[in-house]
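Undergrad: When the letters of the sequence shown are read in order and numbered with my numbering, they come out as residues 2 to 721. Even glycine gets a Cβ: it sits at the ideal position worked out from N, Cα and C. As the structure is a computational prediction, the values presented were derived from the model and not from experiment. Here's a structure for you.
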Amino acid sequence: MVGTRRARRRKNVTSSRAARCAILDPVPPVAKVEPITTARALRGPFDYLRPDGVGIGSVLVVPFGHRDVVGVVVGLADSSDLPDDRLVAPRRVLGHDLPPDLVELAGWIADEYCSTPARALALVSPPPGGRAKLIWWATATERSAETDPSGRAPTERQRALLAGLPRPAGSDLPALRRLEARGLVTLCQRATRRHVQHETVGARRAQPALTADQARVLADVEIAIEEQEPQPVLLHGVTGSGKTEIYLRAAATTLQQGRGVIILVPEIALTPQIVSRFVDRFGDTVAVLHSKLSAGERHDEWARLRSGAARVCVGPRSAVFAPIERLGLIVLDEEHDSSYKHEGDPRYDARHVALRRARQAGALLVAGSATPRPESVHGLRRLRLPARVDGRPLPPVQIVDMREQPGALAPATSHALVDAPKAIVLLNRRGWSNFVDCRSCGHAWTCPQCDVSLVLHRAHERLACHHCGHHERVPQRCSECGSMSVARHGAGTERLEHDLAQIGHEVFRLDADVRDPGVLLRRFEQAPGGILLGTQMVAKGHDFPDVTLGVVVDADSTLRFPDFRAEERTFALVAQLAGRAGRGPGGGRVLVQTMAPDAASIAAAARHDADGFLAGELARRAALRYPPFSHLIRIVCAAPEGPAVGEAARAIRAALGEIPGAIVLGPAPLFRLRGRERAQLVIKGTQRARAVRAAGAAVAEVAGDRTRRGVAFSVDVDPQ
Ligand code: ADP
Ligand code: ZN
Ligand code: ZN
């Protein structure tokens, strides 16, 4: 990995230099500054005179062309290629600096994902928009009320106020101001911490005694934590095998050694249980970073981590950039979850970044899952938790063949739902019907911006595009032929919610249309009975012991995607849903409705046969040279006009030329999205760095051509 080697070299240079500086000469006089701008064409870093106290990670305001911009110091140098008169000083040094190791990580990300240093640095910068919250703080002075030269005796109320100091002024500020005027009190502003409320789902639990399996795995993990350069591990444990308890104990060990911890989770809103378990166990040393926090709260949590007041960070993928010094452990919970991939530039994968950061810090990475990715099984040392903590078997899974069945639910499924007090039902499609057309002329309602069908949402009485957000009123008649006969096809969660309500149970619907998933999950947990119905969101790591039935409706919906990960996704979805059922003394079972009962992924999930599935999947990928046996890089060209897109894509193909160890697939057209025609090329290569560099160079060359101004290019390394 070229990036790794280069970064290491960079690190040696700075550290040996720093050591030398401390003893002999002054710190290098030149600061290399990367301006934080969105311009892609900039080739930084740029040299400036280094003010005293400025080092890697310092944030400066520098003169740049005709304006001033904010920049980050990414390196120091003894000399500059610039002539002396062009080497100027920054205007100002800003108060908040970035940790040097994160600046280095950003440099690696910019290279690894064909992005820019500025965009990568934004990832490791403090959250934007937040500042410290200031309050007035009151302290009593030396002077006593009795010796107050004014001779006025304090009132009863003033005495009480003085006796209660020091404390925040709060609503007593006016009264305290009067005492301040008499020299009895000093008032000053202090930064205070906003109190972040955490969702609590799941009962508070005492620390349990470990099972024999857990103890064995933990011992192994604890040895690895002690190592200088620990090998990353994959904790492959069936659902309910107590992986979280391993994370908690490993975190405690790491903290005892004076080192910090990052716990990455898929989505906080969907996995509040793990957050509350960490807060319960470690209290205030836990900082939680996620998108639901206000800008101010995020600022405070970030600042607590930066100052060392908090030593554990729990958060979604962006928490991999938490400013924790002396990092000792990174946990990747549910490592198979696709939310670890970021879909904006830089298109980083937090799992890949976590590996890099762990190696950089000498920290242990523990990736955990019941359905690990073939990549992780292939590349990481695997530790197993083969059974559930309580020794209960995984629930039996029955495949329900839907090929001859009309309707969304087979009779067997309906009967099972009637009998089960608490159930989870998965249908990976939201809305009412996924397709609407005219019975008379066949006209189908599609999105004007994208080449996809509009989905009917009955609650809002509209047709909506799930790709661009376009929506329109539900048609009363056909816009083409005027017919009143509009047909609705397929069933989504909204429709199924309606059908399930007929059974007589309360239905809790969880999908992207639900505003507050945490509240809904808590209501379901507390309800004596009911059905939790939803998209893949219901298959996340929830732990509801009284759920005795799991149902997958249309298990092959994920199989129909033309993607090499279709099998992997389907297996994970069915196995994860199965893992939600039968976690309590009531036991449980699972029904999987499918039109493809013989599909390998579905059959393996029904047998709880992760090893069989993974072996087959890895063999298939090796034969087809898919990851982990190659690296994929996707280049997408998009523009309002089709011909421009086709030309740009062909130009990229030509610019790529021959890449050693790689083949290029495409250009191939993609469906129109948000009003833009698209085409893609996929590089499939065995030498990652080489393929990434070739993609970056080809895009830079073609995008640099002024005649292609209207075309947007994106490079996606390791697309999901
Ligand atoms: P996983 O993440 O592997 O699906 P969890 O960590 O959620 O499993 O554990 C499942 C349940 O078992 C949780 O309620 C947890 O508190 C409990 N648990 C974990 N370890 C033990 C143990 N050693 N003894 C008893 N209960 C345990
Ligand atoms: Zn019509
Ligand atoms: Zn659309």
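In terms of alpha-carbon separation, which member of Gly676, Ala696, Glu678, Ala640 lies closest to alanine 663?
TA: That would be Ala696, whose Cα lies nearest to the Cα of alanine 663.
Undergrad: Pull up the distance between the alpha-carbon of arginine 7 and that of arginine 404, whole angstroms please.
TA: Caution is warranted here: a pLDDT of 40 is assigned to arginine 7, below 50, making its placement in the model unreliable, and the coordinate value is therefore given only provisionally. Those two C-alpha atoms are separated by around 56 Å.
Undergrad: If you pair each beta-carbon of the segment 245 to 255 with each one of the segment 205 to 219, do three or more pairs fall below 8 Å?
TA: With a cut-off of 8 Å, the segment 205 to 219 and the segment 245 to 255 count as touching, because enough Cβ pairs lie within range.
Undergrad: Using DSSP with H/G/I as helix, E/B as strand and the rest coil, what is glycine 392?
TA: The answer is coil: DSSP assigns glycine 392 none of H, G, I, E or B.
Undergrad: Who are isoleucine 603's beta bridge partners in DSSP?
TA: Note: isoleucine 603 sits in no beta bridge, so no partner.
Undergrad: Quick check on the DSSP output: what are the complete beta strand (DSSP E) runs of length 3 or more inside the segment 258 to 343, in order along the chain?
TA: Listed in chain order, they are 261 to 265, 287 to 289, 313 to 316, 328 to 333.
Undergrad: Could you check the C-alpha separation between aspartate 281 and valine 262 for me, to the nearest Å?
TA: Cα-Cα distance, rounded: 16 Å.
Undergrad: Between the beta-carbon of tyrosine 349 and the beta-carbon of tyrosine 114, is there less than 7 Å?
TA: Against a cut-off of 7 Å, the Cβ pair of tyrosine 114 and tyrosine 349 comes out as a contact.
Undergrad: Is the separation between the beta-carbon of leucine 124 and that of phenylalanine 322 shorter than 7 Å?
TA: Yes.
Undergrad: CB leucine 61 to CB valine 94, shorter than 7 Å?
TA: Yes.
Undergrad: Give me the Cα-Cα distance between histidine 632 and serine 480, rounded to the nearest whole angstrom.
TA: The straight-line gap from Cα to Cα measures roughly 47 Å.
Undergrad: For glutamine 208, which of Leu177, Pro175, Tyr248, Leu188 has the nearest alpha-carbon?
TA: Out of Leu177, Pro175, Tyr248, Leu188, Tyr248 has the C-alpha closest to the C-alpha of glutamine 208.
Undergrad: Whose CA, out of Gly505, Arg440, Thr212, lies closest to the CA of methionine 485?
TA: That would be Arg440, whose Cα lies nearest to the Cα of methionine 485.
Undergrad: Report back the beta-carbon spacing between leucine 386 and serine 172 to the nearest angstrom; my notes put them in contact at under 8 Å.
TA: Not confirmed; about 53 Å, so no contact.
Undergrad: Using DSSP with H/G/I as helix, E/B as strand and the rest coil, what is alanine 90?
TA: Correct three-state label for alanine 90: coil.
Undergrad: Ligand 1 and glycine 241: does the residue's C-beta get closer than 6 Å to at least one heavy atom of that ligand?
TA: Because some heavy atom of ligand 1 lies under 6 Å away, the Cβ of glycine 241 counts as near it: yes.
Undergrad: Alpha carbon to alpha carbon, what distance is there between glycine 72 and arginine 87?
TA: Computed Cα separation, rounded: 18 Å.
Undergrad: Less than 7 Å between C-beta atoms, sequence neighbours within five positions excluded: which residues of the same chain meet that for leucine 103?
TA: Answer for leucine 103: Val125, Phe322, Pro324, listed in chain order.
Undergrad: Ligand 3: which residues have Cβ under 5 Å from any of its heavy atoms, chain order?
TA: In chain order, the hits are Cys448, Gln450, Cys451, Cys466, His468, Cys469, His471.
Undergrad: In three-state terms, what does DSSP make of alanine 204?
TA: Low confidence applies here, because alanine 204 scores a pLDDT of 49, under 50, leaving its location unreliable; read the following figure in that light. Coil.
Undergrad: So, is arginine 478 buried or exposed, given that buried needs 16 or more other C-beta atoms within 10 angstroms?
TA: Exposed, because fewer than 16 other Cβ atoms sit within 10 Å of the Cβ of arginine 478.
Undergrad: Please report the distance separating the alpha-carbon of glycine 329 from that of alanine 413.
TA: So the alpha carbons of these two residues sit roughly 51 Å apart.
Undergrad: Please list the terminal residues of the continuous alpha helix (DSSP H) segment that includes arginine 710.
TA: First-last for arginine 710: undefined, no H or E at that position.
Undergrad: With respect to 6 Å, is the separation between the Cβ of serine 486 and the closest non-hydrogen atom of ligand 2 below this value?
TA: Incorrect: serine 486 has no Cβ contact closer than 6 Å to ligand 2.
Undergrad: Pull up the DSSP beta-bridge partners for leucine 50, would you.
TA: DSSP lists Val31 as partners of leucine 50.
Undergrad: Closer than 7 Å by C-beta to arginine 707: which residues in its own chain qualify, once you throw out the five before and the five after it? Chain order, please.
TA: Within the same chain, arginine 707 has no close Cβ partners at all.
Undergrad: Strictly by DSSP, which residues pair up with isoleucine 636?
TA: DSSP, once it has assigned bridges, lists Leu682, Val716 as partnering isoleucine 636.
Undergrad: I'd like the span of the alpha helix (DSSP H) that includes phenylalanine 630, first residue to last.
TA: Careful: phenylalanine 630 lies outside any alpha helix (DSSP H) and carries neither H nor E.
Undergrad: Count the CB pairs spanning the segment 459 to 475 and the segment 524 to 533 that are closer than 8 Å, and state whether there are at least three.
TA: No, the segment 459 to 475 is not in contact with the segment 524 to 533.
Undergrad: Quick check: the Cα distance between alanine 119 and glycine 56, rounded to an integer number of angstroms?
TA: Roughly 18 Å between the two C-alpha positions.
Undergrad: With distances taken Cα to Cα, identify the nearest neighbour of glycine 369 among Val401, Val332, Val315.
TA: When only C-alpha atoms are compared, the closest one is Val332.
Undergrad: So, under 8 Å CB-CB, alanine 492 and serine 434 are touching, yes? Tell me the CB distance rounded to an integer number of Å.
TA: Alanine 492 to serine 434, Cβ: 7 Å. Contact.
Undergrad: Here's the rule I'm using: 16 or more other beta-carbon atoms within 10 Å means buried, otherwise exposed. How should valine 419 be labelled?
TA: So valine 419 counts as exposed.
Undergrad: The beta strand (DSSP E) spanning isoleucine 224 covers which residue range?
TA: Note, isoleucine 224: premise wrong, no beta strand (DSSP E); alpha helix (DSSP H) at 213 to 227.
Undergrad: Helix, strand or coil: how does DSSP classify isoleucine 136 here?
TA: Correct three-state label for isoleucine 136: strand.
Undergrad: Tell me the residue span of the beta strand (DSSP E) that contains histidine 97.
TA: Element bounds for histidine 97: n/a, residue is neither H nor E.
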